[in-house]
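Engineer: Throughout the sequence shown, residue numbering follows this note's numbering, covering 603 to 915 in sequence.
Next up is a structure, given as structure tokens.
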Amino acid sequence: MKIAINTSGLGDNVDLSEFEKFGETVYFADIEREELFSLAADCDAIIINKIVVNEELLAACPKLKYVGVFATGYNVVDIEACRKKGITVTNVPDYSTNAVAQLAFAHLLNFLGAIDKYTASVAAGDWVKSKCFTYTPYPTYELHGKTFGIYGYGNIGKAVAKIADAFGANVIICTRTQPKNCPYPLVSQEELFKTSDIISLHCPLTDATANLINERTLSLMKRSAVLINTARGGLVDEAALANALNSGRIAGACADTVTVEPMKADNPLLHAKNCYITPHIAWTATEAKDRLVKIAAENLKAFLDGNSKNVVS
Numbered sequence: 603m604k605i606a607i608n609t610s611g612l613g614d615n616v617d618l619s620e621f622e623k624f625g626e627t628v629y630f631a632d633i634e635r636e637e638l639f640s641l642a643a644d645c646d647a648i649i650i651n652k653i654v655v656n657e658e659l660l661a662a663c664p665k666l667k668y669v670g671v672f673a674t675g676y677n678v679v680d681i682e683a684c685r686k687k688g689i690t691v692t693n694v695p696d697y698s699t700n701a702v703a704q705l706a707f708a709h710l711l712n713f714l715g716a717i718d719k720y721t722a723s724v725a726a727g728d729w730v731k732s733k734c735f736t737y738t739p740y741p742t743y744e745l746h747g748k749t750f751g752i753y754g755y756g757n758i759g760k761a762v763a764k765i766a767d768a769f770g771a772n773v774i775i776c777t778r779t780q781p782k783n784c785p786y787p788l789v790s791q792e793e794l795f796k797t798s799d800i801i802s803l804h805c806p807l808t809d810a811t812a813n814l815i816n817e818r819t820l821s822l823m824k825r826s827a828v829l830i831n832t833a834r835g836g837l838v839d840e841a842a843l844a845n846a847l848n849s850g851r852i853a854g855a856c857a858d859t860v861t862v863e864p865m866k867a868d869n870p871l872l873h874a875k876n877c878y879i880t881p882h883i884a885w886t887a888t889e890a891k892d893r894l895v896k897i898a899a900e901n902l903k904a905f906l907d908g909n910s911k912n913v914v915s
């Protein structure tokens, strides 16, 4: 068996040697599409992250029998095209739950506590020059008592709800499927947008959720509201959100993902007011990456053993 493995975003400290037990292994990172076609042309399996697997790639790789995704989301794969060719596709569910939930609150606590502003101020010597033991040019806010709206109640949504609850926030949930034994109030989409002080997105990107954050939903939100998106960039109409931020329609936004990645220079959120963006790092905690690789290797082994798991096609 020959396996092509996409290492983009994994960094230098991730051990991929487990894959080498299954056959000849070739690695690639950020290469041109034509180079990928050539590299993977005689491969039986390919393990990818953000690489688009479509009919063009499948045609260039006639021996391909297996596509493993280094992620939970698999929207980069043409599932129907793989199904027609009898190619098994697997993903890695629930490897980054704690890391994503942690980053969502890192963003939020930075925003509510003005941490970036105060640390920059101290580094600039403002505290050294201060005549008082403290100074408060930037207002800060408590999370306790705020209404914390969560859109999507999968594993990450549940983890975020638990943390928000521990902070003393009033958690409300909007989700497509009715969860069993949910300890928090279930509300409609409109109520979530109207009543939440914080809205955190934890749903997949589908036709139904694309541009969920748009002019209409933003118009429902409180002017003091903060939006957090650690899910998918396509959930947000970026021009509409930038307009809402720049006009003061909402107070702020924190994002770890945008619609086109790497981020483009003309993305309207790049210089939007009170917009905090990290470069899709929520999944990259060391422990999460190790877990990701371990499960992806187990998926491939299970496929080779004739007992496939985490199959999405």
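The beta carbon of each residue, even a glycine, is placed where N, CA and C say it ideally should be.
Would you kindly check if the distance between the Cβ of S915 and the Cβ of V654 is under 8 Å?
Structural biologist: Taking the sequence shown and counting its residues from 1, one reaches residue 654 at position 52. Taking the sequence shown and counting its residues from 1, one reaches residue 915 at position 313. Their beta carbons are not under 8 Å apart, which means V654 does not touch S915 by this criterion.
Engineer: Using C-beta distances below 8 Å, list every residue in its chain close to D632, excluding the 5 sequence neighbours before and after it, in chain order.
Structural biologist: In the sequence shown, residue 632 corresponds to position 30, counting from 1. Closer than 8 Å at Cβ, skipping near neighbours: S610.
Engineer: Tell me which same chain residues have a C-beta within less than 8 Å of the C-beta of N615, skipping the five on either side of it?
Structural biologist: Here the question's residue 615 lines up with position 13 in the sequence shown. If you ignore the 5 residues before and after N615, its C-beta comes within less than 8 Å of the C-beta of T888, all in its own chain and listed in chain order.
Engineer: Between which residues of its own chain and D644 is the CB-CB distance below 7 Å, once the five residues before and five after are set aside?
Structural biologist: Counting from one through the sequence shown, the residue named residue 644 turns up at place 42. Closer than 7 Å at Cβ, skipping near neighbours: K604, K665.
Engineer: Tell me whether R635, by its Cβ, gets closer than 7 Å to a heavy atom of the ligand HEM.
Structural biologist: No copy of the ligand HEM appears in this structure; indeed no ligand is present at all.
Engineer: Per DSSP, F630 forms a beta bridge with which residues?
Structural biologist: Along the sequence shown, read from residue 1 onward, the residue named residue 630 stands at position 28. According to DSSP, which records beta bridges pairwise, F630 is partnered with N608.
Engineer: Can you give the beta carbon distance from I815 to L710, rounded, assuming they're within the 8 Å contact cut?
Structural biologist: As a first step, residue 815 is located in the sequence shown; it is residue number 213 there, counting from the start. As a first step, residue 710 is located in the sequence shown; it is residue number 108 there, counting from the start. The pair is not a contact, with the Cβ atoms about 16 Å apart (cut-off 8 Å).
Engineer: Decide if K748 is buried, meaning its Cβ has at least 16 other Cβ atoms within 10 Å, or exposed.
Structural biologist: Translated into positions along the sequence shown, residue 748 becomes position 146. Classification for K748: buried.
Engineer: Please confirm if the segment 891-903 is in contact with the segment 693-709, defined as three or more CB-CB distances below 8 Å between the two stretches.
Structural biologist: yes
Engineer: Could you tell me which whole alpha helix (DSSP H) segments of length 4 or greater appear in the segment 782-853?
Structural biologist: 791-797, 817-822, 840-848
Engineer: Between T808, T738, A708, D839, which lies nearest to G754 when the distance is taken from Cα to Cα?
Structural biologist: Locating residue 754 in the sequence shown gives position 152, counting from the first residue. G754 has its Cα closest to that of T808, out of T808, T738, A708, D839.
Engineer: From the DSSP output, which residues share a beta bridge with G770?
Structural biologist: Within the sequence shown, residue 770 is the residue found at index 168, counting from 1. BP columns for G770 are empty, so no partner.
Engineer: For T886, which residues from the same chain have a beta carbon less than 6 Å from its beta carbon, with the 5 sequence-adjacent residues on both sides left out?
Structural biologist: Counting from 1 along the sequence shown, the entry for residue 886 is found at position 284. Around T886: no qualifying Cβ.
Engineer: Can you tell me the Cα-Cα spacing of H882 and T811, whole angstroms?
Structural biologist: Here the question's residue 882 lines up with position 280 in the sequence shown. Here the question's residue 811 lines up with position 209 in the sequence shown. H882 and T811: Cα-Cα distance of roughly 19 Å.
Engineer: Sort A771, A768, S802 by Cα distance to T777 and report the nearest one.
Structural biologist: For the purposes of this step, residue 777 is taken as the residue at position 175 of the sequence shown. Checking every option, the nearest Cα to that of T777 belongs to S802.
Engineer: Among V828, L906, F707, E682, which residue has its Cα nearest to the Cα of K623?
Structural biologist: Translated into positions along the sequence shown, residue 623 becomes position 21. Ranking V828, L906, F707, E682 by Cα distance to K623 puts L906 first.
Engineer: Tell me whether the segment 858-868 and the segment 791-800 touch, counting them as touching only if at least three CB pairs, one residue from each stretch, are closer than 8 Å.
Structural biologist: no
Engineer: Three-state secondary structure (DSSP) at F750?
Structural biologist: Translated into positions along the sequence shown, residue 750 becomes position 148. Reduced to three states, the DSSP call for F750 is strand.
Engineer: Contact check, G670 vs A647 under 8 Å by CB: the rounded distance?
Structural biologist: Residue numbering aside, residue 670 sits at position 68 when the sequence shown is read from its first letter. Residue numbering aside, residue 647 sits at position 45 when the sequence shown is read from its first letter. So it is a contact: roughly 7 Å between Cβ atoms.
Engineer: Check A673 in the structure and name its three-state DSSP category.
Structural biologist: In the sequence shown, counting from the first residue as 1, residue 673 sits at position 71. A673 falls in the coil class under three-state DSSP.
Engineer: Using a 10 Å radius around the Cβ and a threshold of 16 neighbouring Cβ atoms, would you call R825 buried or exposed?
Structural biologist: In the sequence shown, the residue the question calls residue 825 occupies position 223. Answer is exposed; the Cβ neighbour count stays below 16.
Engineer: Check whether the segment 852-863 touches the segment 834-844, taking contact to mean three or more Cβ pairs, one atom from each stretch, closer than 8 Å.
Structural biologist: yes
Engineer: Could you tell me if D799 is buried or exposed, where buried requires 16 or more neighbouring beta carbons within 10 angstroms of its beta carbon?
Structural biologist: In the sequence shown, the residue the question calls residue 799 occupies position 197. That one is buried.
Engineer: Give every residue of the same chain whose Cβ lies closer than 6 Å to the Cβ of P781, excluding the five residues on either side of it in the sequence, and list them in chain order.
Structural biologist: To locate residue 781, count along the sequence shown from 1; it is residue 179. Y755.
Engineer: Distance, Cα to Cα, C877 vs K667?
Structural biologist: Position 275 of the sequence shown, counting from 1, holds the residue named residue 877. Position 65 of the sequence shown, counting from 1, holds the residue named residue 667. Whole-angstrom Cα-Cα distance: 43 Å.
Engineer: List the endpoints of the continuous alpha helix (DSSP H) containing A716.
Structural biologist: The sequence position of residue 716 within the sequence shown is 114, counting from 1. Neither: A716 is in no alpha helix (DSSP H) and is coded neither H nor E.
Engineer: For the alpha helix (DSSP H) that contains T888, what are its first and last residues?
Structural biologist: Along the sequence shown, read from residue 1 onward, the residue named residue 888 stands at position 286. Element bounds for T888: 888-906.
Engineer: Three-state secondary structure (DSSP) at I879?
Structural biologist: Sequence index remark: in the sequence shown, residue 879 carries index 277 (1-based). DSSP places I879 in strand when its eight states are reduced to three.
Engineer: G727 to T721, Cα distance in whole Å?
Structural biologist: In the sequence shown, counting from the first residue as 1, residue 727 sits at position 125. In the sequence shown, counting from the first residue as 1, residue 721 sits at position 119. Near 10 Å, if we compare the C-alpha coordinates of T721 and G727.
Engineer: Does DSSP put V724 in a helix, in a strand, or in coil?
Structural biologist: Indexing the sequence shown from 1 puts residue 724 at position 122. V724: helix per DSSP, three-state reduction.
Engineer: Given Y916, which residues of its chain have a CB within under 6 Å of its CB, disregarding the five upstream and five downstream residues?
Structural biologist: Outside the shown range of the chain (603 to 915) lies residue 916, about which nothing can therefore be said.
Engineer: Between C684, L612, I752, E620, which has its C-alpha nearest N901's C-alpha?
Structural biologist: Within the sequence shown, residue 901 is the residue found at index 299, counting from 1. The residue with the shortest Cα to Cα distance from N901 is E620.
Engineer: Kindly indicate which three-state DSSP category V691 falls into: helix, strand or coil?
Structural biologist: As a first step, residue 691 must be located in the sequence shown, where it is residue number 89. Strand.
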